Ligand code: 13P
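Residue numbers (my numbering): 619 to 954.
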């Protein structure tokens, strides 16, 4: 077992999942603004420190993805944020892309940037305690999209990013997100997601990536948010498993899904069925942002001094997600 494979397994084994708390300051400002809290570095830290010091971290959270601002901040008791995360047994991670920018010679498609100077930034993050990283490529469906150009450009960048991250002794999370925005069918999502993931692995293999030290972070296979032909959770689970079985090399230890705008319960229910029906050898867990934090953030915004109640809600959500990552979730558990 390689060191990278060990780190990957530590993050995703035994029902543990990933807390994606790497919202950029822009995204975090939107999330905080929506609940009426001003987006200052202090407030962003306050909310995140509440989550990272929750009891449930030990039991459920194997890794936390941070944003550059947070990895450099200190807790109220003077610890660094990576120290706080490691003290609960979770692995600190860091988002290292610099965002999705307009892709030249395409219509309204994006390419994720951040390769310039990445090797140096990675060394700094490793010293700060990070042992895994994230890079997100984003694709939309509709009007001939995603184009071959967008798929090629983003998978090329994901592979070059992964090579630099492994060179620095960290595990790359490879996140090709096919967005649920639009009125496309689940079958279109299946076809496009399969094409994107296959292309990513083609590029990863070409760049000599150790696949046993990679975590894939894909979307689930869903009908578009505006589609009139939604499919059941059972169908979502079968299509998602089939897509991954056909496009992910077996050396990859695990898959950690993004929630992508699904509600907390939808994302949990779908993950649960994916695990119940999982006939692959991949570990299938969560790397949720909104589906882990939404209710806790809403509660916190009502009284930012009420740490206990915010943690109670986060603890519950994390527990539900971990049950789902083991195929043991049920809607009754939500009300206990
Ligand atoms: P969501 O679960 O809110 O989609 O966020 C996950 C993530 O990290 C997106 O890059």
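Each residue gets a CB set at the ideal place from its N, CA and C atoms; glycine is no exception.
Quick caveat: nothing in here was measured; it's all calculated off a predicted structure.
Around residue 706, the same chain offers 675, 676 as residues with beta carbons nearer than 6 angstroms, after the five sequence neighbours per side are excluded. Distance from residue 737 to residue 788 at the Cβ level is roughly 12 angstroms; contact not present, criterion being Cβ atoms closer than 8 angstroms. DSSP lists 636 as the beta-bridge partner residues of residue 905.
Within its own chain, the residues whose Cβ lies closer than 7 angstroms to the Cβ of residue 915, once the five positions on either side in sequence are excluded, are 649, 653, 665, listed in chain order. When Cβ pairs closer than 8 angstroms are counted between the two stretches, the segment 840-851 is seen to touch the segment 796-815, the count reaching three or more. Contact between the segment 879-893 and the segment 920-927 is absent, with fewer than three C-beta pairs closer than 8 angstroms. In the DSSP secondary-structure assignment, residue 754 is bridged to 793. Distances from the CB of residue 754 to the heavy atoms of the ligand 13P include at least one below 7 angstroms. According to the DSSP assignment, residue 709 belongs to the beta strand (DSSP E) that extends over 709-713.
Only residues of its own chain outside the window of five on either side were considered, and among them 629, 636, 708, 709, 711, 750 have a CB closer than 7 angstroms to the CB of residue 681, listed in chain order. Bounds of the beta strand (DSSP E) holding residue 683 are 679-684. Judged by the Cβ position, residue 936 fails to qualify as a neighbour of the ligand 13P at the 7 angstroms threshold, every heavy atom of the ligand being at least this far. Within the same chain, 863 come within 6 angstroms of residue 898 by CB-CB distance, once the 5 residues on both sides are set aside. Spanning the alpha carbons of residue 651 and residue 770 requires a straight line of approximately 36 angstroms. Residue state for residue 720 is assigned as strand, using DSSP reduced to three classes.
Each of 772, 893, 873 was checked against the Cα of residue 814, and the nearest Cα belongs to 772. The C-alpha of residue 868 is placed about 28 angstroms away from the C-alpha of residue 937. Only exposed fits residue 722, as fewer than 16 other CB atoms lie within 10 angstroms of its CB.
Secondary structure at residue 943: helix, using DSSP grouped into helix, strand and coil. Approximately 6 angstroms separates the beta-carbon atoms of residue 646 and residue 657; this is inside 8 angstroms, confirming the contact. Only residues of its own chain outside the window of five on either side were considered, and among them 757, 759, 807, 810, 811, 814, 837 have a CB closer than 7 angstroms to the CB of residue 796, listed in chain order. Following the DSSP letters along the chain, one finds residue 874 inside the beta strand (DSSP E) bounded by residues 872-875. The three-state reading of DSSP puts residue 729 in strand, counting E and B together. DSSP places residue 898 in the coil class of the three-state scheme, outside both helix and strand. Less than 8 angstroms separates the beta-carbon of residue 783 from that of residue 740. For the ligand 13P, no non-hydrogen atom lies closer than 7 angstroms to the CB of residue 665.
Under the three-state reduction of DSSP output, residue 827 falls in the coil class, being neither helix nor strand.
The three-state reading of DSSP puts residue 693 in coil, since its state is none of H, G, I, E or B. Within the chosen limit of 7 angstroms, the ligand 13P does not reach the beta carbon of residue 626 with any heavy atom. Within the same chain, and ignoring the five residues on either side of residue 906 in sequence, the residues whose Cβ sits closer than 8 angstroms to its Cβ are 635, 636, 637, 638, 875, 876, 877, 885, 939. 851 is the residue among 866, 879, 917, 851 whose C-alpha sits nearest the C-alpha of residue 888. When the alpha-carbon of residue 619 is set against those of 870, 944, 896, the nearest one is in 870. With fewer than 16 other beta carbons inside 10 angstroms of its own, residue 725 counts as exposed. Using a 10 angstroms sphere on the CB of residue 929, the tally of other CB atoms reaches 16 or more, which defines it as buried.
Under the three-state reduction of DSSP output, residue 746 falls in the coil class, being neither helix nor strand.
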